[in-house]
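A short worksheet on the structure shown next.
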């Protein structure tokens with residue numbers, strides 16, 4: 002027994018070092034963002050002597066990260082709203098209602114899971130160009146919704162399968178319409194799943210690079226992640242400003258993670274155990 | 099259009115809904131037993147279709163249809179030959195292109211590194227499951243980089259791995275010559291893959307822990323009572339019990355390597371140095387956006403899709419085999 006306990010403490014040493022390696026890069030970046038350019042060149046690792054927010058505000062205003070931030074926030078909010086709406090509607094119908102063709106439709110939605118964006122990038126860009134949706138917010142939102150809808154439908158369907166059909170039957174006998182059941186029973190009961198799936202989708206959309214790069218060519222439509230990539234060329238000699246831009250893009254995710262870690266992990270776990 | 103067969107059956111319902119939706123809620127509020135109007139009945143009958151319509155429409159039009167369209171594109175020409183059939187011309191050009199060859203070679207490298215990328219989170223999850231001191235802390239710290247965008251991760255490592263950056267500064271202080279981490283064609287790909295594994299092992303860790311949650315603790319207790327060592331416990335208890343989870347992680351990690359490294363490649367190396375860090379997804383983007391060769395890009399997309407099909411089919415095979423073993 003004591004041998005085992007000692008072993009555990011020995012394992013804890015490399016695990017702690019790995020934990021340090023996991024968070025250090027972000028701490029380093031945050032530290033650099035607070036330094037002046039001169040400080041950084043003279044001493045890369047030393048703790049900053051003051052909390053300077055100038056770099057952050059430079060990145061926010063003159064680099065344009067503020068604008069990109071608002072763009073991203075808008076696109077992500079609308080995309081997640083539509084994903085949850087369409088995903089819960091389809092999930093409810095596919096899990097609780099019996100109708101002709103339901104299993105074929107479910108399989109059709111599922112098939113979407115196995116088509117990554119890279120595979121359909123070229124034709125999708127052409128479809129978007131033909132419908133004048135390329136380089137517009139609705140276009141990018143539609144691409145995000147299409148990308149993450151199969152996963153959302155899949156998770157909502159398996160979540161709603163766990164709700165006893167008696168609840169729906171009882172509501173129907175009481176005279177509720179199907180839409181009434183959806184709105185007054187399924188949406189409230191689905192809250193935990195909607196929260197989990199919603200946060201995951203928000204992270205996916207917020208973090209995306211490739212879709213935004215292909216669908217939003219013009220500079221004023223850039224999302225925050227594209228803004229980060231544009232920092233590389235412009236500010237590669239001004240590391241503190243560069244680090245500030247990176248920090249602006251990372252902080253919302255950090256906050257979401259600190260407060261909603263449980264839901265994120267649950268969403269990932271649900272996706273894996275039900276698969 | 100592939101939508102042809104579902105639309106007619108749903109159209110009348112959406113027309114009926116406009117009337118039904120306006121009437122039924124009012125009758126609900128006034129009486130205990132609702133009287134259904136004709137419009138309401140129609141809307142009720144088609145309700146399931148209306149509920150799935152937006153999702154199905156979007157998935158069919160913007161996922162399944164483009165897949166077919168893309169395969170079609172790959173057999174047509176680019177530029178002056180736009181739209182004309184060229185047979186397998188794009189595929190011949192593709193496999194003769196050194197950049198695409200490098201991309202495929204790098205896929206091979208990813209396959210070789212796959213066991214490492216699965217073993218690391220698997221082992222860490224085992225320790226966390228066995229309640230190493232501080233296991234809750236490790237769990238939340240390890241998972242954190244997995245929620246960061248590849249672009250953010252890549253930008254941070256750009257900074258750390260720069261030739262005149264901090265890592266080389268540390269090395270030179272102990273007398274090692276600076277290494278051009280992202281500028282040396284023999285090293286750069288390993289750095290990018292390494293960063294990818296660093297950034298995503300937390301995701302696999304969470305999946306493993308979800309698998310452990312289904313494990314019967316009595317098995318472990320029994321093994322311990324019998325005096326099994328940690329290695330024996332891992333090999334003879336945990337691996338067989340978690341075979342499904344392990345397969346799932348193998349497949350998702352492989353798919354992740356094939357489809358979510360674009361951000362890292364884009365910001366860390368842009369495919370360079372000397373084209374050594376190309377992967378199919380980067381090649382597709384480059385040909386489509388920068389080189390204006392959409393048909394060639396479509397051919398590369400089709401190849402990428404086939405690679406992913408092979409990965410998927412392999413998983414099904416493995417699942418069947420393990421099913422028989424059970």
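Protein chains in written order, with this note's numbering: chain A, 2 to 276; chain B, 99 to 424. Heads up, the beta-carbon is just placed ideally off N, CA and C, and yes, glycines get one too.
When Cβ atoms are compared, which residues of the region 127-146 of chain A fall closer than 8 Å to chain B? 127, 128, 143, 144 and 146
Cutoff 8 Å; reference residue 185 of chain B; Cβ partners in own chain excluding five residues on either side: 173
Would residue 183 of chain A count as contacting chain B if we go by Cβ distances under 8 Å? yes
Just to confirm, are residue 216 of chain A and residue 123 of chain A a CB contact at a threshold of 8 Å? no
To the nearest angstrom, how far is it from the Cα of residue 158 of chain B to the Cα of residue 411 of chain B? 23 Å
The region 10-30 of chain A: which residues have C-beta closer than 8 Å to a C-beta of chain B, in chain order? 10, 12, 13, 16, 17, 19, 20, 22, 23, 24, 26, 27, 29 and 30
Would you identify the three-state DSSP class for residue 266 of chain B, choosing helix, strand or coil? helix
Quick one: which residues of the region 53-76 of chain A get their C-beta closer than 8 Å to a C-beta of chain B? List them in chain order. none
Identify which residue in B:246, B:327 and B:207 has its Cα closest to the Cα of residue 8 of chain A. B:327
Could one say the Cβ of residue 273 of chain A lies closer than 8 Å to chain B's Cβ atoms, at least one of them? yes
For residue 133 of chain B, count neighbouring C-beta atoms within 10 Å of its own C-beta (all shown protein chains included) and say buried if the count is 16 or more, exposed if not. Interpretation of residue 133 of chain B is limited by its pLDDT of 44, a score under 50 that renders its predicted location unreliable; the figure taken from the coordinates is listed afterwards. Residue 133 of chain B is exposed by the Cβ-count criterion.
Quick one, which residues of the region 288-301 of chain B are near chain A if we go by CB-CB under 7 Å, in chain order? 301
Determine, for residue 110 of chain A, whether the minimum Cβ-Cβ distance to residues of chain B falls below 8 Å. yes
Can you name, in chain order, every residue of its own chain whose Cβ lies under 6 Å from the Cβ of residue 392 of chain B, other than the five neighbours on each side? 386
How many angstroms separate the CA atom of residue 201 of chain A from the CA atom of residue 211 of chain B? 27 Å
Within chain A, partners of residue 232 of chain B - CB distance below 8 Å: 13, 16 and 17
Please state whether DSSP places residue 272 of chain A in a helix, a strand or coil. helix
For the region 195-215 of chain A, enumerate the residues whose C-beta is nearer than 8 Å to any C-beta of chain B, in chain order. 204, 207, 208, 209, 210, 211, 214 and 215
Who does residue 448 of chain B pair with in a DSSP beta bridge? Chain B is shown only over 99 to 424; residue 448 of chain B falls outside these bounds and no answer can be derived.
Throw me the rounded Cβ distance for the residue 242 of chain A and residue 72 of chain A pair, which I believe falls under 8 Å. Going by Cβ atoms, the distance from residue 242 of chain A to residue 72 of chain A rounds to 20 Å, so no, they are not a contact pair.
Determine the direct distance from the alpha carbon of residue 241 of chain B to that of residue 303 of chain B, and round the result to whole angstroms. 7 Å
Contacting residues, own chain, Cβ-Cβ under 6 Å from residue 215 of chain B (five flanking each side not counted): 295 and 351
Put residue 383 of chain B into one of helix, strand or coil per three-state DSSP. helix
Exposure label - residue 160 of chain A; buried when at least 16 CB within 10 Å: buried
Close-in-space but distant-in-sequence residues of the same chain around residue 91 of chain A (CB under 6 Å, 5 per side omitted): 154
Residue from B:178, B:191 and B:357 whose Cα sits closest to the Cα of residue 298 of chain B: B:357
Does residue 22 of chain A pass the burial test, meaning 16 or more other C-beta atoms within 10 Å, or should it be called exposed? exposed
Is DSSP giving residue 340 of chain A helix, strand or coil here? It is not possible to answer for residue 340 of chain A, since the shown part of chain A is limited to 2 through 276.
Is the distance from the Cβ of residue 88 of chain A to the Cβ of residue 179 of chain A below 8 Å? no
DSSP three-state label for residue 203 of chain B, please. helix
Compare the C-beta of residue 416 of chain B against all C-beta atoms of chain A and say whether one is closer than 8 Å. no
Rounded to the nearest angstrom, how far is the Cβ of residue 339 of chain B from that of residue 307 of chain B, given a contact under 8 Å? At roughly 14 Å, the Cβ-Cβ gap does not stay under 8 Å, so residue 339 of chain B and residue 307 of chain B are not in contact.
Less than 8 Å between CB atoms is the rule here; does residue 38 of chain A satisfy it with respect to chain B? no
Alpha carbon to alpha carbon, how far is residue 218 of chain B from residue 225 of chain A? 32 Å
Which chain B residues sit within Cβ distance under 9 Å of residue 103 of chain A? 146 and 150
Just confirm the distance between the C-beta atoms of residue 305 of chain B and residue 347 of chain B, as a whole number of angstroms; I'd bet it's less than 8 Å. 6 Å
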